[in-house]
Amino acid sequence: MKKFYLAICTLSLMFAFASCNDNDTTSKIKVNKNNPASQASDDTPIQEDLVIVDKDNDITVREIKPDKMSFTSEDKLEIHINISGYDTSGTAWIGIVPSTIGHGKEAVCDSYDIAYKHLKDVTNNKVVFEKISGQSGEYDIRVFDNDDGGKEVAYITGLTYERK
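Each residue of the sequence shown is one higher than the one before, starting from 0 at the first, in this note's numbering.
What follows is the structure, given as structure tokens:
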């Protein structure tokens, strides 16, 4: 039942995303392990609940997996990521953004994120966020190709944050 609910929520978010995104060049696909289009270039399956926003970007996102889906301001949130193809000297970043914020525009998301890390600073395919401060609510983990008007390249949704 939980997977059914998550599927309905994901489809609703994708519909909302498609209707509010004004970037016509962005390709939106929901990846599925059983779909050949959901394979990375090396035939590694891509995470099932991951949404790839721009499939034409050189960045390949195979996985974004938080260690928990509910967290508080007192928790440490560890995210396992499998991302390649980004400029390792650049400003590509991963952040925690309220689910209510529209997708696609990096500058808008940047002004609302409650935590972020540049991908060049990620080690061992892990990013750790500590002492997160923001409003309680629903959040996404989103990946952007750069920190200067860049594009959102992937996201997962369904995180719940509680400020204590």
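Every residue, glycine too, gets a C-beta built ideally from N, C-alpha and C. These numbers come from a predicted model, not from an experiment.
With distances taken Cα to Cα, identify the nearest neighbour of residue i among the options.
i	options	result
E151	E105, V96, D74, L76	E105
Y160	H102, G101, Q46, S72	S72
A197	D86, H79, G103	Lying outside 0 to 163, the shown extent of the chain, residue 197 is not represented and no answer is given.
S83	D74, G136, I63	I63
I95	Q46, D86, S135, E47	S135
D87	I140, V127, S132, D57	Position check: residue 87 holds Thr in this sequence, whereas Asp was assumed. That would be D57, whose Cα lies nearest to the Cα of T87.
G101	L158, Y138, K119	Y138
K130	W92, Q46, E47, D74	D74
G149	I78, I80, Q46, Y85	Y85
For residue i, which three-state DSSP category applies?
i	result
E105	helix
S88	coil
S72	coil
K130	coil
L158	strand
K125	strand
K119	helix
K163	coil
Tell me residue i's beta-bridge partners as DSSP assigns them.
i	result
V142	I93, A153
S83	T59
I100	Answer is none; I100 lacks a bridge partner.
G136	Y160
Below 8 Å on the Cβ atoms is my contact criterion, and I expect residue i with residue j to pass it. Report the Cβ-Cβ distance as a whole number of Å.
i	j	result
N123	G89	At roughly 20 Å, the Cβ-Cβ gap does not stay under 8 Å, so N123 and G89 are not in contact.
V60	L49	7 Å
I140	I93	7 Å
V126	I80	6 Å
**Report entry** Any 3 or more C-beta pairs closer than 8 Å across the stretch 104-122 and the stretch 62-70
**Finding:** no
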